[in-house]
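Numbering (UniProt numbering), first residue to last: 1 to 217.
Cβ atoms here follow ideal geometry from the backbone N, Cα and C, with glycine treated the same way.
As the structure is a computational prediction, the values presented were derived from the model and not from experiment.
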Amino acid sequence: MLETDFSPCHTEPLGEVSKAESNKDISLTKLAQYDKNHNIEWKSFKCEKLFSVKSNPQLNKDSFSFSENAPYPYFTRTCLNNGIAGYVEYLDEEHKIKGESIAVGMLGMQFFYMQKDFYAGQFTKTLYPKFSGLNTTIAQFFIAWLNKNQRIFQGVLVRDFEKTFNETEILLPVLDSHNIDFDFIESFIKAIQKECIKSVVLWQEREREAYKKVVKQ
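Take a look at the structure:
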């Protein structure tokens, strides 16, 4: 029951995604066949069983010192650049937000994985997993599901976001009725990333051939 239109690859820089290319055994075709042969079971989970929602400590830009080499992302309501408006120097522990989580701005309602600790602007929230092992790859699976519900989240008041989020359901592969198959999720995402790389490489080859033809004229 793989959804091959499930496409989180746009959220990853090509340099990071290219790491998946080294695994030659991963492809959407092979995963779909594996799903069929082994009758992978999928189960719907409400988000309240998977994540806890926390409002972020709010500070304006003026509170921070920005620089290109600063270590902490400054997350805002923007949907651009993974929600990051810049990088800031350490401020304090009170306002620092724990990484390895998923952040969302209350304006654009797009979800982004935050690997490192970060600071945030106004009207943002963070989702903390209730399961262990959230990483960049697994996060893309959840983010793709959540971003499919962007219009729904945009249609509710900010004060009702948590209630709506908690009732949102995500379909996940499971090993049994309680345990999520995270290994399959990782393989699934890596297969999609590999397909993204393939399409980019083919596009580059077509552009190169077109350029050669123009030069020869």
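| query | Does DSSP put PHE51 in a helix, in a strand, or in coil? | reply | In the sequence shown, residue 51 corresponds to position 51, counting from 1. It is a strand residue.
| field | Start-end ranges of the beta strand (DSSP E) lying completely within the stretch 54-88, minimum 3 residues | value | 72-75 and 84-88
| task | Can you give me the start and stop residues for the beta strand (DSSP E) that ILE170 sits inside? | result | Translated into the one-based positions of the sequence shown, residue 170 becomes position 170. Per DSSP, ILE170 belongs to the beta strand (DSSP E) from 169-174.
| Which whole runs of the alpha helix (DSSP H) in the stretch 136-171 are 4 residues long or more, in chain order? | 136-147, 150-154 and 161-167
| What's the C-alpha gap between PRO129 and ILE102? | By one-based count along the sequence shown, residue 129 stands at place 129. By one-based count along the sequence shown, residue 102 stands at place 102. Looking at the two C-alpha atoms, the distance is approximately 8 Å.
| message | Taking the alpha carbon of PHE141 as the reference point, which residue from SER177, VAL156 and ILE185 has its own alpha carbon closest? | response | Along the sequence shown, one-based indexing puts residue 141 at 141. For the residues SER177, VAL156 and ILE185, the minimum Cα distance to PHE141 belongs to ILE185.
| message | So for SER132, helix, strand or coil by DSSP? | response | Against the sequence shown, residue 132 aligns to sequence position 132. It is coil, neither helix nor strand.
| said: Can you find the residues in the same chain that come closer than 6 Å, C-beta to C-beta, to CYS79, ignoring five residues on each side of it along the sequence? | reply: Along the sequence shown, one-based indexing puts residue 79 at 79. Here the set comprises GLY108 and GLN110.
| beta strand (DSSP E) containing SER177: first to last residue? | Along the sequence shown, one-based indexing puts residue 177 at 177. From DSSP, SER177 is part of no beta strand (DSSP E); its letter is neither H nor E.
| said: Tell me which residues share the same chain as THR137 and place their Cβ nearer than 7 Å to its Cβ, disregarding the 5 neighbours each side in the sequence. | reply: Position 137 of the sequence shown, counting from 1, holds the residue named residue 137. These residues qualify, in order along the chain: GLU186, ILE189 and LYS190.
| Under three-state DSSP, which class holds residue 231? | Lying before the first or after the last residue shown, residue 231 is absent from the chain, which here runs from 1 to 217.
| Touch check for the stretch 81-94 and the stretch 154-172: three-plus C-beta pairs under 8 Å? | no
| query | Under 8 Å between the Cβ atoms of THR126 and LYS54? | reply | Along the sequence shown, one-based indexing puts residue 126 at 126. Along the sequence shown, one-based indexing puts residue 54 at 54. Cβ atoms of THR126 and LYS54: closer than 8 Å.
| Which whole-angstrom value is the C-beta distance of GLU100 and GLN115, which I expect to be below 8 Å? | Here residue 100 refers to the residue found at position 100 of the sequence shown. Here residue 115 refers to the residue found at position 115 of the sequence shown. Indeed they touch by this definition, with Cβ atoms about 6 Å apart.
| field | Span of the beta strand (DSSP E), counted from its first residue to its last, around ILE102 | value | The residue you call residue 102 lines up with position 102 of the sequence shown. First-last of the beta strand (DSSP E) with ILE102: 101-105.
| query | Do you know offhand how far LYS46's Cα is from LEU175's? | reply | Numbered from its first residue, the sequence shown carries residue 46 at position 46. Numbered from its first residue, the sequence shown carries residue 175 at position 175. LYS46 and LEU175: Cα-Cα distance of roughly 17 Å.
| PHE153 versus ASN166 - alpha carbon distance | Stepping through the sequence shown from its first residue, residue 153 is reached at position 153. Stepping through the sequence shown from its first residue, residue 166 is reached at position 166. Their backbone Cα atoms lie some 11 Å apart in a straight line.
| From GLU205, PHE64, LYS216 and PHE112, pick the residue whose C-alpha is nearest to that of ILE143; which is it? | For the purposes of this step, residue 143 is taken as the residue at position 143 of the sequence shown. Selected option, being the one with the closest Cα: PHE112.
| Taking all protein chains shown into account, do 16 or more other C-beta atoms lie within 10 angstroms of the C-beta of ASN23, making it buried, or fewer, making it exposed? | Counted from its first residue, the sequence shown places residue 23 at position 23. Its pLDDT being 44, under 50, ASN23 is placed unreliably by the model, and the measurement read from it follows with that caveat. ASN23 is exposed by the Cβ-count criterion.
| Exposure of PHE131, with buried meaning 16 or more beta-carbon neighbours within 10 Å | Taking the first residue of the sequence shown as 1, we reach residue 131 at position 131. It counts as exposed.
| task | Measure from the alpha carbon of residue 301 to the alpha carbon of each residue in LEU50, ASN147 and ASP183, then state which is nearest. | result | As shown, the chain starts at 1 and ends at 217. That puts residue 301 outside it, with no answer to give.
| said: Closest to PHE118 by C-alpha separation, out of PHE66, ILE192, ILE197 and ILE40, would be which residue? | reply: Working through the sequence shown from its first residue, we reach residue 118 at position 118. For PHE118, the nearest C-alpha among the options comes from PHE66.
| field | Proximity of TRP145 and ILE180 at Cβ, strictly below 8 Å | value | One-based indexing of the sequence shown puts residue 145 at position 145. One-based indexing of the sequence shown puts residue 180 at position 180. It is not a contact, given that the beta carbons lie outside the stated cut-off.
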